[in-house]
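Chains A and B, in that order, are what the protein sequence lines are.
Numbered according to this note's numbering, the first sequence spans residues 1 to 264.
Numbered according to this note's numbering, the second sequence spans residues 1001 to 1535.
The C-beta atom is built at its ideal place from N, Cα and C for all residues, glycine as well.
These numbers come from a predicted model, not from an experiment.
Beneath this line is the structure, given in structure tokens, with notes to follow.
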Amino acid sequence: MHPSPVFPAYRDGDPSPAVALAARRLIRTFGQGEGAVHAVAGLDLELAAGSFTAVIGPSGSGKSTLLHLLAGLDQPTGGSVRLGRTELNTLDEDALTALRRDQMGFVLQDFSLLPALTVAENIDLPFSLGLDPARRDARWRDHLVGALGLGGLLGRRPGQLSGGQQQRVAVVRALAHRPAVVFADEPTGNLDLATGRRLLSLLRGLAAEQRVTVVMVTHDVAAAALADRVIVLSDGMVARDIAIAGTTSAEDLAAIVVAAGGDR
Amino acid sequence: MTAAAAGPAEAGPAEAGPAEAGPAEAGPAEAGPAEAGPAEAGPTEAGAAKAGPAQAGTAKAGTAGTNADGRRTAAWCVALGAANSTFILVVTGLLEGRLERVFTGGGVGPGAFAVLTLLRVTFLIIALVVSTVVTTNAYGIVAAGQARLIALRRLLGAPAAAERRRLVRQAMRQAVPLSLLAAVVSGLACLPMVNALLARSHAPGASLGDLTATLPAVAVGLLVHLVCVRWAVTRGYAPVLARGPVVALRVADDPGHLAAGGDAGTGEDGRRRASRWVRVCVGIAAGTGALALAAAVVTPYAVLPGLVAAGFAAAALLGSADRVVSGLVRGLTRFARPGGDLDIAGRRIRQNSLRSSRAALAVAAGVCVVTMLAVASATALSTAQGYFASSAGLVSQIDGIVLAGSVMISMTALTSALGVITTISHGLRLRHREIALLRVVGQTPRQTRRMIRAEAGLLSGGGVLLGLALGVAYGWFGAQLLLSKASHRPVLLPVIPVPVLLAAAVAAAALTWLASAWPARQALRRTPIRAYLDA
């Protein structure tokens, strides 16, 4: 229904490689010596282009840290992350930032909006920061705004919105420029059931119809059950890697997650 | 707290409500100083974070760092304020009686006593206003560091009024001995300085006995200073105490939360009350100012109503500083590209207009005092040279006044410099999270630095313009009132010494620039997500 997104990162060589995102021997350690915490402990992962992956696991299993590393928001202590054909750790800060801006979209765990800007301006932020204006697509943006029930709120400021509304604005911002990869940390955390479902089916549609690679961290097994693939993390490692394909129920998934957590 | 003691700042409830003010008093933008949370990590941790490991406990260390910073700044502000008012009172006190020698002028101009009283009161008021603004900022920093703790205490049952009393008591226990110490040091330092000034005009030097004679005045000055400090403390803590505990907690957690949404409701009332006050002040200032100007043709004692007018004008400005600064910034960014660095910087300043206006006010105060003195003396000198046959006496008298004035404003300028540094760097520190967010969404380090520079540039630009305009107006006003009768001219043309003003403007801009460089580096030191999560 909508034209495919552009994937400039993939332009060199294969126009759409099978692997959109790959992590190799990824390590992230906080602290040193006795008190060191290995949030991500030598993890290998490959995510196919156009896949919808849920990362799930007990608190402190390294879900958010993994997401930050994959998105190039944090520097790994060891190992590497590759987006398309680009090794993230070969880039300097400016280039990495530009890559993030052009190729990725994020929904952070809390409402990450600038209070000084209106909703519309917050959504347009990547463009004010230098994103190619050719990528602007008003129809797509309006579609997102409508689908997430934000119509009529564009002129408001974040402070005048509820938590759920703010989170949905952050979602629109993450998707409006048609990024190749979308990262979402607990995107349904502040949403009511119906809105949460709408958001999940939107993400699913992006992956299925537009080959956007979606990575979502969540606590909610019902949300995770809607993904193509569920990665269960435990102690910074992949404990289970489940291809769901709509066959695993939330109850089964919950049992698997609890079992994985019990390994600790 | 008495109205008189608090000085002109008292008159503007927008910036400056009395301590007991209800929730209506807390304008929306006042979320400013509370917007902290654990902001800053020490340089070592920041470096380590970039390198990779060593992160645990950063947030905690950050809180402690901000708080220690704030406390140190507050202590400096209080001490400098006490030293300044003591300095002014002692210098003018010691000069009294020896003035005929210092100012060897003839029978023209007002009596030395009037000049001295004028200098004393004017400079004292300026010093108090500047140090109060700066101290308020400093306590804003302290309050920001404690915002979470205070909010939690209130959530667990400590009433806001009790918390306020506790915090004020805590602050005053530090401020009182510090002020006394600063006053003693400053008072003793005055003696050799004044003696050097007296020796220049071959007058007999002042003794330690003369110094003790200034004690009553100094004591009154210190008392007023401490009242101002107390007011500054309550003002600094107001954002954390004015709202309900849950909101206070949210303010501590999420800086931007109230900045926009709080606009409705509580803010309006306070705003309306504030603008009424400002209108009253403007009216009084205009009335007494006109009276003074009319009287100046007959008597140099017109400076007395003139002083009242100047005081109310300053109060009106303080009361409407956020709107004035917003307007200035809007003007400066009028032709900026929408959505560009300058535009966003301007809007962020206007969004946090109260906090930003304090930074701009600190710049303006410093530029204003220097400009005022420069314009007044240049105007007076040119008048003296142009309209008196034997002007040598008057020129020397004006020279003496300018010298004494320069000495007296030096410390006020220093206070304002401290204010510029603390408010700018503090403001940036409070926005580490916002800056981190921009980086997450795609702002490159270069863009970040450019944005911070744009903001610092706008603030200093606005402050310098405001300071220059005020300084020229006040300087001319003073010269006009003092010399109109003596020179038999109903209107003196203001003389504007461009090099001096340029130097003041450049110094202020450089200071703002420097003050923003360090926090900018700090903000960029860590990876975006670390900066975001720890902020």
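Through-space distance from residue j to residue i, alpha-carbon basis
i, j, result
"residue 1420(B)", "residue 1350(B)", "18 angstroms"
"residue 110(A)", "residue 186(A)", "9 angstroms"
"residue 1157(B)", "residue 138(A)", "50 angstroms"
"residue 253(A)", "residue 217(A)", "15 angstroms"
"residue 32(A)", "residue 1233(B)", "40 angstroms"
"residue 1528(B)", "residue 1444(B)", "10 angstroms"
"residue 1228(B)", "residue 1379(B)", "33 angstroms"
"residue 97(A)", "residue 132(A)", "14 angstroms"
"residue 248(A)", "residue 48(A)", "20 angstroms"
"residue 127(A)", "residue 75(A)", "25 angstroms"
"residue 1290(B)", "residue 1465(B)", "25 angstroms"
"residue 1056(B)", "residue 232(A)", "Low confidence applies here, because residue 1056(B) scores a pLDDT of 35, under 50, leaving its location unreliable; read the following figure in that light. The alpha-carbon atoms of residue 1056(B) and residue 232(A) are separated by roughly 25 angstroms."
"residue 950(B)", "residue 1170(B)", "There is simply no residue 950(B) to check, as chain B begins at 1001 and stops at 1535 in what is shown."
"residue 1334(B)", "residue 1346(B)", "9 angstroms"
"residue 135(A)", "residue 143(A)", "15 angstroms"
"residue 1166(B)", "residue 23(A)", "53 angstroms"
"residue 1214(B)", "residue 1312(B)", "28 angstroms"
"residue 1374(B)", "residue 1282(B)", "25 angstroms"
"residue 176(A)", "residue 1341(B)", "21 angstroms"
"residue 1534(B)", "residue 66(A)", "17 angstroms"
"residue 117(A)", "residue 1442(B)", "16 angstroms"
"residue 1042(B)", "residue 1277(B)", "Confidence in residue 1042(B) is poor, its pLDDT being 36 and thus under 50, which makes the residue's placement unreliable; the coordinate value appears in the next sentence. If you take the alpha carbons of residue 1042(B) and residue 1277(B), they lie about 43 angstroms apart."
"residue 1096(B)", "residue 1135(B)", "31 angstroms"
"residue 19(A)", "residue 178(A)", "18 angstroms"
"residue 1088(B)", "residue 171(A)", "59 angstroms"
"residue 1082(B)", "residue 59(A)", "53 angstroms"
Neighbouring residues, chain B, relative to residue i (Cβ below 9 angstroms)
i, result
"residue 186(A)", "The premise fails here: residue 186(A) is roughly 14 angstroms from chain B at the closest Cβ pair, so nothing lies under 9 angstroms."
Residue i: first and last residue of the uninterrupted beta strand (DSSP E) it sits in
i, result
"residue 46(A)", "37 to 48"
"residue 244(A)", "Segment: none, residue 244(A) is in no beta strand (DSSP E) and carries neither H nor E."
"residue 185(A)", "181 to 185"
"residue 78(A)", "78 to 83"
"residue 29(A)", "19 to 30"
"residue 234(A)", "229 to 234"
"residue 1335(B)", "Careful: residue 1335(B) lies outside any beta strand (DSSP E) and carries neither H nor E."
Chain A contact residues for residue i, given Cβ-Cβ distances below 8 angstroms
i, result
"residue 1530(B)", "74"
"residue 1344(B)", "116, 117 and 128"
Neighbouring residues, chain B, relative to residue i (Cβ below 7 angstroms)
i, result
"residue 179(A)", "Result: empty, since nearest Cβ-Cβ is about 10 angstroms, beyond 7 angstroms."
Where the alpha helix (DSSP H) containing residue i begins and where it ends
i, result
"residue 64(A)", "63 to 70"
"residue 1344(B)", "1341 to 1351"
"residue 1161(B)", "1160 to 1200"
"residue 137(A)", "No alpha helix (DSSP H) holds residue 137(A); DSSP gives it neither H nor E."
"residue 1516(B)", "1498 to 1525"
"residue 1477(B)", "1445 to 1487"
"residue 1326(B)", "1321 to 1332"
"residue 195(A)", "193 to 210"
"residue 1234(B)", "1215 to 1241"
Where residue i meets chain A, residues with beta-carbon distance less than 7 angstroms
i, result
"residue 1527(B)", "73, 74 and 75"
Per-residue contacts from residue i into chain B (C-beta, under 8 angstroms)
i, result
"residue 80(A)", "Those within 8 angstroms of residue 80(A) in chain B number zero; the least Cβ separation is about 13 angstroms."
Q: Report yes or no: do three or more beta-carbon pairs, one from the region 1070 to 1080 of chain B and one from the region 1132 to 1141 of chain B, lie closer than 8 angstroms?
A: yes
Q: Residues of the region 1430 to 1462 of chain B with a CB closer than 8 angstroms to any CB of chain A: list them in chain order, please.
A: 1434, 1437, 1438, 1439, 1440, 1441, 1442, 1443, 1444, 1445, 1446 and 1447
(Q) Closer than 8 angstroms between beta carbons: that is the criterion. Which residues of the region 86 to 110 of chain A meet it against chain B? (A) 93, 94, 97, 98, 100, 101, 102, 106, 108 and 110
Q | Members of the region 1351 to 1385 of chain B near chain A, C-beta cut-off 7 angstroms | A | Correct list: 1351.
Q) If contact means a Cβ-Cβ distance below 8 angstroms, which residues of the region 121 to 151 of chain A contact chain B? A) 121, 124, 125, 126, 127, 128, 129, 130 and 131
Q | Cβ contact check for the region 122 to 129 of chain A and the region 190 to 200 of chain A: 3 or more pairs under 8 angstroms | A | no
Q: Determine contact between the region 1301 to 1316 of chain B and the region 1474 to 1488 of chain B, defined as no fewer than three beta-carbon pairs at a distance below 8 angstroms.
A: Yes: the two stretches touch, three or more of their Cβ pairs being nearer than 8 angstroms.
**Q.** Contact list for the region 1305 to 1333 of chain B against chain A, Cβ threshold 7 angstroms
**A.** none
Q. Quick one: any contact between the region 1407 to 1421 of chain B and the region 1433 to 1440 of chain B, if contact means 3 or more CB pairs under 8 angstroms?
A. no
(Q) For the structure I just gave you, are there three or more beta carbon pairs, one from the region 143 to 157 of chain A and one from the region 49 to 63 of chain A, closer than 8 angstroms? (A) no
Q | Proximal residues, the region 211 to 241 of chain A versus chain B, C-beta separation under 9 angstroms | A | none
Q.
Using a Cβ-Cβ cutoff of 8 angstroms, what residues of the region 49 to 70 of chain A are near chain B? List them in chain order.
A. 68
Q | Touch test, the region 161 to 172 of chain A against the region 77 to 86 of chain A, Cβ-Cβ under 8 angstroms, three pairs minimum | A | no
Q.
Tell me whether the region 1499 to 1519 of chain B and the region 1445 to 1464 of chain B touch, counting them as touching only if at least three CB pairs, one residue from each stretch, are closer than 8 angstroms.
A. By the criterion of at least three beta-carbon pairs nearer than 8 angstroms, the region 1499 to 1519 of chain B is in contact with the region 1445 to 1464 of chain B.
Q: Check whether the region 1492 to 1507 of chain B touches the region 1309 to 1320 of chain B, counting contact only when three or more Cβ pairs, one atom from each stretch, lie closer than 8 angstroms.
A: no
(Q) Counting beta carbon pairs with one atom in the region 1352 to 1370 of chain B and one in the region 1484 to 1493 of chain B, are three or more of them shorter than 8 angstroms? (A) no
Q: Please list the residues of the region 1070 to 1084 of chain B that have a C-beta atom closer than 7 angstroms to any C-beta atom in chain A, keeping them in chain order.
A: For the region 1070 to 1084 of chain B, which is checked against every Cβ of chain A, not one residue is closer than 7 angstroms.
(Q) If the cut-off is 7 angstroms on Cβ atoms, which residues from the region 155 to 172 of chain A count as contacting chain B, listed in chain order? (A) 157, 158, 159 and 160
Q) Are three or more beta carbon pairs between the region 1074 to 1081 of chain B and the region 1171 to 1190 of chain B nearer than 8 angstroms? A) Here the region 1074 to 1081 of chain B lies against the region 1171 to 1190 of chain B, with 3 or more beta-carbon pairs under 8 angstroms apart.
Q. The region 1136 to 1170 of chain B: which residues have C-beta closer than 8 angstroms to a C-beta of chain A, in chain order?
A. Residues: none.
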